[in-house]
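Heads up, the sequence shown is in my numbering, so the first residue is 1 and it goes up one at a time. Structure record follows, encoded as structure tokens.
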Amino acid sequence: MPQLPTVAIIGAGSSGIAAAKALHERDIPFDCFEASDRIGGNWVFANKNGMSAAYRDLHINTSRERMEFSDFPMPRSCPDFPHHTDIAAYFDAYVDHFGFRDKIRFEQAIVRAELRDDGGWDLQDAAGERHRFDMLLVANGHHWDARWPEPAFPGADTFEGMQLHAHEYRDNGVLERKDVVVLGMGNSAMDIAVEASYVARSTHLAARRGAWIVPKYLFGRPVDQFAPSHRVPVKLAAKAFEILLRLNAGPVERYGLPKPDHPISATHPTVSGRILDRIAHGAIVPRPNIARLGPDHVQFADGTQVHADVVIYCTGYKISFPFLDPALVSAPANRIELFRRVFSPPHPTLAFVGLVQPIGAIMPLAEVQGRLLADYLRGAYRLPSRARMLADIRRENAAMRKRYVASTRHTIQVDFDRYRYELERERRRGAARAAAARRAGKALPVPALAGEAGRDQPVAA
Ligand SMILES: Cc1cc2nc3c(=O)[nH]c(=O)nc-3n(C[C@H](O)[C@H](O)[C@H](O)COP(=O)(O)OP(=O)(O)OC[C@H]3O[C@@H](n4cnc5c(N)ncnc54)[C@H](O)[C@@H]3O)c2cc1C
Ligand SMILES: NC(=O)c1ccc[n+]([C@@H]2O[C@H](COP(=O)([O-])OP(=O)(O)OC[C@H]3O[C@@H](n4cnc5c(N)ncnc54)[C@H](OP(=O)(O)O)[C@@H]3O)[C@@H](O)[C@H]2O)c1
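What follows is the structure in structure tokens.
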């Protein structure tokens with residue numbers, strides 16, 4: 001076996017550790033750089049990296065069995081939708097179980113990653129130390145860079161109350177006896193509006209678009225465990241699911257929410273077992289979009305106006321890589337061109353892990369991505385030609401545009417089972433290409449040039 005390339009992973013959240021584990025079990029030399037002092041990223045409440053969006057009472061909304069890694073079940077003592085503390089503990093236990101904690105460099109944030117002329121990477125950490133690697137895996141998460149309404153609503157600069165983004169929300173203590181407006185129809189808006197409704201004087205839920213509300217359970221089972229096989233056409237599965245939802249709770253318009261103007265398969269699922277109940281109790285009042293803010297009030301698109309002390313923007317996140325030169329790769333309006341959501345076609349030594357928004361959980365998908373990357377680094381998987389990758393990306397993007405509501409939240413969507421199935425299929429195709437390359441005596445796709453010594457270099461002058 002030729003010498004293997006060295007790999008840097010940025011991030012030890014659930015995606016970074018999934019990739020690390022895959023590399024660890026295939027003896028691929030790597031270091032995982034983590035800004036925090038802990039594993040778990042978003043799932044560490046008050047994470048000292050300042051990047052976690054977890055609030056005190058956050059529970060997962062993808063069920064335990066959907067979220068767990070294939071070879072490390074969550075303890076059966078955990079509920080179906082565990083609290084963030086259980087999830088963070090689970091990721092911690094995963095790393096110890098598979099024995100690669102020593103490969104994680106805690107409190108070593110990467111501030112710069114530069115592509116070298118030879119295809120390798122020069123990384124610089126926050127202390128100014130430099131590190132050279134042959135391959136870079138980016139697993140820095142995509143739910144930490146808050147997307148505020150752009151442009152801000154008219155009058156936002158005159159509002160005298162508190163305006164915050166869901167990313168800053170920790171608990172409902174700050175909302176006690178306040179008049180609160182929550183904006184958005186995603187999962188942050190659902191959870192935060194419900195939490196507000198127990199302590200606030202009034203809670204208004206404003207939305208520019210309707211959403212199908214998916215309960216956490218149907219027929220006594222976590223709803224995501226009803227996912228149809230990837231062989232069932234999406235439209236058919238969506239229609240059947242819409243009928244089930246209507247039979248279960250009736251149309252959302254019945255509760256005063258805006259009618260969804262799209263099929264359920266056209267948006268990322270909004271999951272809440274509690275929102276309809278709180279609306280039914282009058283504890284949350286549905287409203288159309290915000291039109292403007294005044295010093296002490298919010299006016300909505302239908303002309304109605306309410307007194308407001310707090311406005312919480314649950315308006316999503318930006319995909320950002322602050323350590324990469326935007327000329328190399330960036331995600332304007334959350335769009336990023338990656339082959340199978342992993343490989344950057346112009347840069348064979350750069351890949352991304354967990355950069356997907358699944359209908360289902362991210363973790364098992366990061367796990368398959370990790371296995372594919374391990375194959376790639378060992379020469380057991382080869383990419384198709386750049387032209388084929390670009391054609392594949394164009395096809396995928398066209399399909400996504402056709403299927404999903406146009407929004408910055410629908411740029412990296414995948415169907416859980418379909419994506420997993422297709423990535424495994426691609427892995428087999430790439431294995432055949434790799435076998436042919438080996439027979440032709442070709443070198444590894446990522447050459448080993450940096451060497452072990454490259455991992456720590458003297459501080460640059
Ligand atoms: C409120 C909320 C609830 C969610 N609930 C679910 C759910 O129920 N199910 C689900 O599947 N998904 C959920 N998600 C999506 C969430 O993105 C994933 O659960 C998961 O956190 C993704 O893991 P990750 O490793 O990709 O990113 P993160 O968890 O964000 O981890 C990224 C890691 O990279 C590190 N890092 C970043 N930049 C650097 C750097 N420059 N140098 C070194 N280290 C760096 C960070 O410190 C962090 O540890 C939720 C998201 C939010 C915001
Ligand atoms: N309990 C949980 O497990 C939980 C809780 C919270 C979040 N999450 C996850 O975290 C991720 C992020 O969720 P999120 O809810 O924070 O963000 P999101 O899914 O991106 O939703 C953003 C919402 O804000 C709306 N919006 C965006 N910009 C707007 C603007 N300028 N004016 C009016 N409305 C605007 C969007 O509407 P459009 O659709 O029209 O763009 C959408 O309804 C998702 O993966 C979600 O599943 C999970």
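C-beta atoms are modelled at their ideal positions from N, C-alpha and C, and glycine is treated no differently.
Cβ-Cβ separation between LEU137 and VAL7: approximately 6 angstroms, consistent with a contact (criterion under 8 angstroms).
In the DSSP assignment, ILE290 falls within the unbroken beta strand (DSSP E) covering 290-293. Distances between the C-beta of ARG209 and the heavy atoms of ligand 2 include at least one below 8 angstroms.
The C-alpha of ALA139 lies about 6 angstroms from the C-alpha of PHE352. Taking 3 residues as the minimum length, the beta strand (DSSP E) runs contained wholly in the stretch 52-134 are 110-115, 121-125 and 130-133, in order along the chain. Here the alpha carbons of HIS131 and ASP122 stand approximately 6 angstroms from one another.
Judged by pairs of C-beta atoms under 8 angstroms, the stretch 173-182 does not touch the stretch 406-418, as fewer than three such pairs exist. Look at TRP121: its beta carbon is at least 8 angstroms from all of the heavy atoms in ligand 1. DSSP links LEU136 through a beta bridge to ALA8 and LEU350. At least one heavy atom of ligand 1 lies closer than 8 angstroms to the C-beta of ALA166.
In chain order, GLU337, LEU338, PHE339 and PRO345 place their CB closer than 8 angstroms to the CB of ILE393, counting only its own chain and leaving out the 5 sequence neighbours on each side.
Around the beta-carbon of LEU4, 16 or more other beta-carbon atoms lie within 10 Å, marking it buried. Comparing alpha carbon positions, the residue from ALA146, ARG403, ALA19 and VAL342 closest to MET389 is VAL342.
Note on the stretch 163-215: whole beta strand (DSSP E) runs with a minimum of 3 residues are 179-183 and 202-206, in chain order. Taking the CA atoms as reference points, PRO154 sits about 33 angstroms from PHE45. Distances between the C-beta of HIS262 and the heavy atoms of ligand 1 are all 8 angstroms or more. For the stretch 361-444, the full-length beta strand (DSSP E) segments reaching 3 residues or more read 413-415 along the chain.
If you draw a straight line from the Cα of ALA280 to the Cα of TYR255, it is about 7 angstroms long. Counting other Cβ atoms within 10 Å of its Cβ, PHE100 reaches 16 or more and is therefore classed as buried.
For ASP31, the enclosing beta strand (DSSP E) starts and ends at 30-33. Boundaries of the beta strand (DSSP E) around VAL311: 310-313. Judged by the Cβ position, ILE359 fails to qualify as a neighbour of ligand 1 at the 8 angstroms threshold, every heavy atom of the ligand being at least this far. With distances taken between CA atoms, PRO233 lies nearest to ARG403 out of ALA453, ARG403 and ARG427. Taking all protein chains in view, the Cβ of ALA127 is surrounded by fewer than 16 other Cβ atoms within 10 Å, so the residue is classified as exposed.
In this chain, the beta strand (DSSP E) harbouring ARG287 covers 285-287.
Residue state for THR270 is assigned as strand, using DSSP reduced to three classes.
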